[in-house]
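Peer 1: To start, I am sharing the structure in question, which I have written as structure tokens.
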Amino acid sequence: MNQPILSVKDLSVQFRLLEGTTRAVEQLSLDLFPGKCLAVVGESGSGKSVTARTILRILDRNAHVTSGEILLDPDTPNELDLMRLPSTGRRIRAIRGQRIALIFQEPMASLSMHYTVGNQLMEAVRIHSGVPRDIAFAKAVTLLVEVGIPNPAARMSAFPFQLSGGLRQRVGIALALAGEPDILIADEPTTALDVTTQAQVLNLLRKLQKERNLSLLLITHDLGVVAEMANEVLVMYLGRAVETGSVERVFASPQHPYTRALMRSMPRIDATPRERLATIGGAVPHPSNRPAGCPFHPRCEEKIDGLCSSSIPQPVRRGHNEASCFLVQETG
Amino acid sequence: MNTDAQPQRLTPGPVEFNDRKAVLRVENLIKHYRIERGFFRRTTTTIRAVSDVSLTIRRGETLALVGESGCGKTTVARCIIRAHKPTGGSISFSATDDDAIDIGNLSLKDLKPIRQRMQMIFQDPFSSLNPRMTVGEIIAEPLIASGVPATEQRARVKELLQLVGMPTSAATRFPHAFSGGQRQRIGIARALAPSPALLVADEPVSALDVSVQAQIINLLLDIQDRLQLSMLFISHDLSVVRHVSDRIAVMYLGRIVEEASTETLYSRPLHPYTEALLSAVPSKDPTQRGRQLPLTGDIADPSNIPTGCAFHPRCRYATEPCRKDVPALRRAADGTAVACHRARELHLTGVGSNDRTSSYGAPLPTN
Numbered sequence: 001m002n003q004p005i006l007s008v009k010d011l012s013v014q015f016r017l018l019e020g021t022t023r024a025v026e027q028l029s030l031d032l033f034p035g036k037c038l039a040v041v042g043e044s045g046s047g048k049s050v051t052a053r054t055i056l057r058i059l060d061r062n063a064h065v066t067s068g069e070i071l072l073d074p075d076t077p078n079e080l081d082l083m084r085l086p087s088t089g090r091r092i093r094a095i096r097g098q099r100i101a102l103i104f105q106e107p108m109a110s111l112s113m114h115y116t117v118g119n120q121l122m123e124a125v126r127i128h129s130g131v132p133r134d135i136a137f138a139k140a141v142t143l144l145v146e147v148g149i150p151n152p153a154a155r156m157s158a159f160p161f162q163l164s165g166g167l168r169q170r171v172g173i174a175l176a177l178a179g180e181p182d183i184l185i186a187d188e189p190t191t192a193l194d195v196t197t198q199a200q201v202l203n204l205l206r207k208l209q210k211e212r213n214l215s216l217l218l219i220t221h222d223l224g225v226v227a228e229m230a231n232e233v234l235v236m237y238l239g240r241a242v243e244t245g246s247v248e249r250v251f252a253s254p255q256h257p258y259t260r261a262l263m264r265s266m267p268r269i270d271a272t273p274r275e276r277l278a279t280i281g282g283a284v285p286h287p288s289n290r291p292a293g294c295p296f297h298p299r300c301e302e303k304i305d306g307l308c309s310s311s312i313p314q315p316v317r318r319g320h321n322e323a324s325c326f327l328v329q330e331t332g
Numbered sequence: 333m334n335t336d337a338q339p340q341r342l343t344p345g346p347v348e349f350n351d352r353k354a355v356l357r358v359e360n361l362i363k364h365y366r367i368e369r370g371f372f373r374r375t376t377t378t379i380r381a382v383s384d385v386s387l388t389i390r391r392g393e394t395l396a397l398v399g400e401s402g403c404g405k406t407t408v409a410r411c412i413i414r415a416h417k418p419t420g421g422s423i424s425f426s427a428t429d430d431d432a433i434d435i436g437n438l439s440l441k442d443l444k445p446i447r448q449r450m451q452m453i454f455q456d457p458f459s460s461l462n463p464r465m466t467v468g469e470i471i472a473e474p475l476i477a478s479g480v481p482a483t484e485q486r487a488r489v490k491e492l493l494q495l496v497g498m499p500t501s502a503a504t505r506f507p508h509a510f511s512g513g514q515r516q517r518i519g520i521a522r523a524l525a526p527s528p529a530l531l532v533a534d535e536p537v538s539a540l541d542v543s544v545q546a547q548i549i550n551l552l553l554d555i556q557d558r559l560q561l562s563m564l565f566i567s568h569d570l571s572v573v574r575h576v577s578d579r580i581a582v583m584y585l586g587r588i589v590e591e592a593s594t595e596t597l598y599s600r601p602l603h604p605y606t607e608a609l610l611s612a613v614p615s616k617d618p619t620q621r622g623r624q625l626p627l628t629g630d631i632a633d634p635s636n637i638p639t640g641c642a643f644h645p646r647c648r649y650a651t652e653p654c655r656k657d658v659p660a661l662r663r664a665a666d667g668t669a670v671a672c673h674r675a676r677e678l679h680l681t682g683v684g685s686n687d688r689t690s691s692y693g694a695p696l697p698t699n
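These protein sequence lines map, in sequence, to chains F and R.
So the first sequence is numbered by the working numbering: it starts at 1 and just counts up by one.
So the second sequence is numbered by the working numbering: it starts at 333 and just counts up by one.
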């Protein structure tokens, strides 16, 4: 396989709160390959959004990265460890938007209510390229066309609250594209949308990915979205990667008990009437009450007494997948 | 494609109700909101949130109301629990078998005893529980309202907590001590407290994590089996709806466009909008990705509903009559109903329950 464009190595992030230290991400490694989509899947509290924010260096002040590297263009002459840059400096600001852009779950979070769509898009275009207003206007209209907004010239003067959720998310995507990034981080981009609009936005992301050769880091809790979009999957639980691999392999033969349980607990559109779902007992613990040993062991039906509660399983390679579980036997 | 997709006994005319044990019967419900502007509060726009909705829920049955946001499904729920006063139509509710009451026009005083028999479960378990009350107080509140003596309240709270799978020690704690799934259980216990005949659940699992969502779906199914509850289940998630509902009504811009039993609707949709909704659900199988979505654009503005069939601007089967005439909801003898000019001739694609076996390596639950 070719070189990754973005490589996260051994990342650990803690939040220091009044109640104590919360370990949000622990020893996480991931590789994003050019033009591919890596889906990071997990429930709330799994650390998937914190990972995205760490990559862009936009964590809150009480967050501390205790270890790890975030390598842009690893093993090339341009290799750059984002963790070594000051989080407010000129260099990281040039990377945000122009190399790595972010799409939010709720586009209203990234759009201002007080300015028109055109105003905000032109601002982004001008910050990134410094072109005069008339060129920025033309560029902004082109972006709106590219994300499939009907009647783009008229939409330039619309305010975000005048648009539907689907159109707003398209504007959010246009905004992310304004700096011509080659890496897109999408944090639950379709969670707030209807299933029909979700399908449209996923189609748009797929089209953009192909046309612009974008690398997509897709953060989601929805395995359906993963199945639609991803090339590679990383399943997270309580801040740790529990399973990684190609989407086909992970869906065809999930190795980690958590991945298996997650797949079984998904409602299915071809279910029989009143069919009960397989459940995972309990709930995801708060990251500040992380269980000792394997973080999933209190909810795991296949746990080995004495072992899973005391030591943390390391990733075991099985074919092209990796799972962090004592039950998984290594194969070539 | 299904060759036997047409209902044979479509008859025009008013919707007929011949069932014996309807808990809730909504007929020709209309809800308009007027937007007033200026000094004289002139009505500038009328938002037709619900125009002519009829539905029936039988005892022990779950009817799901599905559709995109803005289709009016929440407005229907709010009219049924009389949080909003309907503009027109009737809502008759019968908690026991013989006394159907039209609650659409009742005064607040007369509504009070009826409200205890229909309870609501909300989407957001974080904002629907009062943070200053203990869980015991939250669950006991509807009991106090219905005049249950204080001595019985504590036992009833304990019983309800056990019913929803919570430890009885939870009664003395505050909602913030619980996770989203546990809070939703508390909300369900509160709804069950006055022994309702009908539960109205508005997106009760969409704010929950996947693993917790499955627990709550199972809980709702179990409780319904035990208590013979009727339920109106509002959701936009067709996978969830498949598990919980007996019948489904699909709404588009304030009207029901199709109604059928769950099996029939998924395997043989009759309305193009239903077909589009089904095809938009992610396949959950990476080898089947990238299907073409037969739906473009957004749902229209309910203050400016398109002429003819409201769905025609997004419908790939639309013809000239669709642009002019509003299709009537035609009901067949088996209860299936569809509002589409071309329902007889179209062969729409559904979701097979037999031909698509699970593609996961993980074994499926057997029950």
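Beta carbons are placed, not taken as given, at the ideal position from N, Cα and C, and that holds for glycine.
Here the structure is a predicted model, which is why all the values come from computation and not from measurement.
Across which residues does DSSP place Leu234 of chain F in a beta bridge pair?
Peer 2: Indexing the first sequence from 1 puts residue 234 of chain F at position 234. F:Val40 and F:Thr244.
Peer 1: Taking C-beta to C-beta, are Val147 of chain F and Leu204 of chain F nearer than 8 Å?
Peer 2: One-based indexing of the first sequence puts residue 147 of chain F at position 147. One-based indexing of the first sequence puts residue 204 of chain F at position 204. Yes, Cβ-Cβ distance for Val147 of chain F and Leu204 of chain F is below 8 Å.
Peer 1: Evaluate Asp666 of chain R with the Cβ neighbour count: other Cβ atoms within 10 Å of its Cβ, from every protein chain shown; 16 or more gives buried, anything less gives exposed.
Peer 2: Counting from 1 along the second sequence, the entry for residue 666 of chain R is found at position 334. So Asp666 of chain R counts as exposed.
Peer 1: Kindly list the residues whose CB is nearer than 6 Å to the CB of Ser691 of chain R, restricted to its own chain and excluding five residues on each side of it in sequence; keep chain order.
Peer 2: Taking the first residue of the second sequence as 1, we reach residue 691 of chain R at position 359. Residue placement at Ser691 of chain R cannot be trusted, given a pLDDT of 32 that sits under 50; what the coordinates show is reported in the next sentence. Around Ser691 of chain R: Asp617.
Peer 1: Measure the C-alpha to C-alpha separation of Phe506 of chain R and Arg290 of chain F and round it to an integer number of angstroms.
Peer 2: By one-based count along the second sequence, residue 506 of chain R stands at place 174. By one-based count along the first sequence, residue 290 of chain F stands at place 290. Distance between the alpha carbons of Phe506 of chain R and Arg290 of chain F: 22 Å.
Peer 1: Using a cut-off of 9 Å between C-beta atoms, extract the partners of Gly404 of chain R located in chain F.
Peer 2: Here residue 404 of chain R refers to the residue found at position 72 of the second sequence. Residues of chain F passing the Cβ test: none, with the nearest at roughly 14 Å.
Peer 1: Around the Cβ of Thr272 of chain F, are there at least 16 other Cβ atoms within 10 angstroms (buried) or fewer (exposed)?
Peer 2: As a working mapping, residue 272 of chain F is identified with position 272 in the first sequence. Thr272 of chain F is exposed by the Cβ-count criterion.
Peer 1: Kindly indicate which three-state DSSP category Met452 of chain R falls into: helix, strand or coil?
Peer 2: Within the second sequence, residue 452 of chain R is the residue found at index 120, counting from 1. The answer is strand: DSSP assigns Met452 of chain R an E or B state.
Peer 1: Count the other CB atoms, across all protein chains shown, that sit within 10 Å of the CB of Glu400 of chain R; report buried if there are 16 or more and exposed otherwise.
Peer 2: Start at 1 with the first residue of the second sequence, and residue 400 of chain R comes out as number 68. Flag for Glu400 of chain R reads buried.
Peer 1: Leu530 of chain R and Ser562 of chain R: beta carbons closer than 8 Å?
Peer 2: Looking up residue 530 of chain R in the second sequence gives position 198. Looking up residue 562 of chain R in the second sequence gives position 230. The answer is yes: Cβ separation under 8 Å.
Peer 1: Using a C-beta cutoff of 8 Å, does Val358 of chain R count as contacting chain F?
Peer 2: For the purposes of this step, residue 358 of chain R is identified with residue 26 of the second sequence, where counting begins at 1. No, its Cβ sits nowhere closer than 8 Å to a Cβ of chain F.
Peer 1: Just the Cα atoms here: how many angstroms apart are Asp75 of chain F and Gln3 of chain F?
Peer 2: Residue 75 of chain F sits at position 75 when you count from the first residue of the first sequence. Residue 3 of chain F sits at position 3 when you count from the first residue of the first sequence. Spanning the two alpha carbons is a distance of roughly 8 Å.
Peer 1: Interface residues of chain R around His221 of chain F at Cβ under 9 Å?
Peer 2: Locating residue 221 of chain F in the first sequence gives position 221, where the first residue counts as 1. The contacting residues are Asp541 and Val542.
Peer 1: Distance, Cα to Cα, Lys210 of chain F vs Gly35 of chain F?
Peer 2: Working through the first sequence from its first residue, we reach residue 210 of chain F at position 210. Working through the first sequence from its first residue, we reach residue 35 of chain F at position 35. Taking the straight line from one Cα to the other gives about 7 Å.
Peer 1: Within 8 Å (strictly less), CB to CB, does Gln547 of chain R reach chain F?
Peer 2: Position 215 of the second sequence, counted from the first residue, corresponds to residue 547 of chain R. Yes, because at least one Cβ of chain F sits closer than 8 Å to the Cβ of Gln547 of chain R.
Peer 1: Ends of the alpha helix (DSSP H) at Glu595 of chain R?
Peer 2: Translated into the one-based positions of the second sequence, residue 595 of chain R becomes position 263. Glu595 of chain R -> alpha helix (DSSP H) spans Thr594 to Ser599.
Peer 1: For the beta strand (DSSP E) containing Tyr584 of chain R, list its first residue and its last residue.
Peer 2: In the second sequence, residue 584 of chain R corresponds to position 252, counting from 1. Note, Tyr584 of chain R: beta strand (DSSP E), Arg579 to Tyr584.
Peer 1: I'd like the list of long-range same chain contacts for Thr406 of chain R, defined as Cβ closer than 8 Å, with 5 residues on each side in sequence excluded.
Peer 2: Residue 406 of chain R sits at position 74 when you count from the first residue of the second sequence. These residues qualify, in order along the chain: Asp534 and Ile566.
Peer 1: Measuring only the C-alpha atoms, how far is Thr343 of chain R from Ala664 of chain R?
Peer 2: In the second sequence, counting from the first residue as 1, residue 343 of chain R sits at position 11. In the second sequence, counting from the first residue as 1, residue 664 of chain R sits at position 332. Because Thr343 of chain R sits at a pLDDT of 40, beneath the cut-off of 50, its placement in the model cannot be relied upon, and the point is left open.
Peer 1: Residues in the same chain with beta-carbon distance under 8 Å from Ser112 of chain F, minus the five sequence neighbours each way, listed in chain order, please.
Peer 2: Counting from 1 along the first sequence, the entry for residue 112 of chain F is found at position 112. Once the five neighbours on either side are set aside, the close Cβ partners of Ser112 of chain F are Gln120 and Pro160.
Peer 1: By the criterion of Cβ-Cβ separation under 8 Å, what are the contact partners of His568 of chain R in chain F?
Peer 2: For the purposes of this step, residue 568 of chain R is taken as the residue at position 236 of the second sequence. Within 8 Å Cβ-Cβ: Asp194 and Val195.
Peer 1: Is Arg390 of chain R helix, strand or coil when you go by DSSP?
Peer 2: In the second sequence, residue 390 of chain R corresponds to position 58, counting from 1. Residue state, collapsed to three classes: strand.
Peer 1: Buried or exposed: where does Thr335 of chain R fall if 16 or more other Cβ atoms within 10 Å of its Cβ makes it buried?
Peer 2: Residue numbering aside, residue 335 of chain R sits at position 3 when the second sequence is read from its first letter. Residue confidence is low: Thr335 of chain R scores 40 on pLDDT, short of 50, so the model does not pin down where it sits. No coordinate-derived value is stated.
Peer 1: Are the CB atoms of Glu228 of chain F and Leu38 of chain F nearer to each other than 8 Å?
Peer 2: To locate residue 228 of chain F, count along the first sequence from 1; it is residue 228. To locate residue 38 of chain F, count along the first sequence from 1; it is residue 38. No.
Peer 1: Would you mind working out which of F:Val25, F:Asp187, F:Gly97 and F:Gly166 sits nearest Ala124 of chain F, comparing C-alpha positions?
Peer 2: Indexing the first sequence from 1 puts residue 124 of chain F at position 124. Closest option to Ala124 of chain F, Cα to Cα, is F:Gly97.
Peer 1: Three-state secondary structure (DSSP) at Ala337 of chain R?
Peer 2: What you label residue 337 of chain R is simply residue 5 of the second sequence in a count that begins at 1. Unreliable placement is indicated for Ala337 of chain R, whose pLDDT of 40 sits below 50; the coordinate value is still reported in the next sentence. Of the three classes helix, strand and coil, the one that applies to Ala337 of chain R here is coil, per DSSP.
Peer 1: Here's the rule: buried if 16 or more other CB atoms are within 10 angstroms of the residue's CB, otherwise exposed. What is Lys48 of chain F?
Peer 2: Locating residue 48 of chain F in the first sequence gives position 48, counting from the first residue. Buried, by the Cβ-count rule.
Peer 1: Under the DSSP definition of a beta bridge, which residues are partnered with Asn321 of chain F?
Peer 2: Translated into positions along the first sequence, residue 321 of chain F becomes position 321. In the DSSP output, where bridge partners are listed per residue, Asn321 of chain F has F:Arg318.
Peer 1: Output needed in chain order: residues of the segment 585-598 of chain R with a Cβ under 8 Å from some Cβ in chain F.
Peer 2: Within the segment 585-598 of chain R, the residues whose Cβ lies closer than 8 Å to some Cβ of chain F are Thr594, Glu595 and Tyr598, listed in chain order.
Peer 1: Using 8 Å as the limit for Cβ to Cβ distance, is Ser459 of chain R near chain F?
Peer 2: Position 127 of the second sequence, counting from 1, holds the residue named residue 459 of chain R. Chain F contact via Cβ: absent.
Peer 1: Among F:Ala199, F:Ser288, F:Arg84 and F:Tyr115, which has the Cα closest to the Cα of Leu18 of chain F?
Peer 2: If you number the first sequence from 1, residue 18 of chain F lands on position 18. The residue with the shortest Cα to Cα distance from Leu18 of chain F is F:Ser288.
Peer 1: Return the first residue and the last residue of the beta strand (DSSP E) that Lys363 of chain R is part of.
Peer 2: Here residue 363 of chain R is taken as the residue at index 31 of the second sequence, counted from 1. Counting along the chain, the beta strand (DSSP E) containing Lys363 of chain R begins and ends at Ala354 to Arg369.
Peer 1: For Arg662 of chain R, name the three-state secondary structure that DSSP assigns.
Peer 2: Against the second sequence, residue 662 of chain R aligns to sequence position 330. Strand.
Peer 1: Enumerated in chain order, which unbroken segments of the alpha helix (DSSP H) with a length of 4 residues or greater are wholly contained in the segment 139-186 of chain F?
Peer 2: Qualifying alpha helix (DSSP H) stretches, in chain order: 152-155 and 165-177.
Peer 1: So, is Ala278 of chain F buried or exposed, given that buried needs 16 or more other C-beta atoms within 10 angstroms?
Peer 2: Counted from its first residue, the first sequence places residue 278 of chain F at position 278. By the neighbour-count rule (16 or more Cβ atoms within 10 Å), Ala278 of chain F is buried.
Peer 1: If the cut is a Cβ gap below 7 Å, which residues of chain R does Ser49 of chain F touch?
Peer 2: As a position in the first sequence, residue 49 of chain F is number 49, starting the count at 1. Within chain R, no residue comes near Ser49 of chain F; the closest Cβ sits about 14 Å away, beyond 7 Å.
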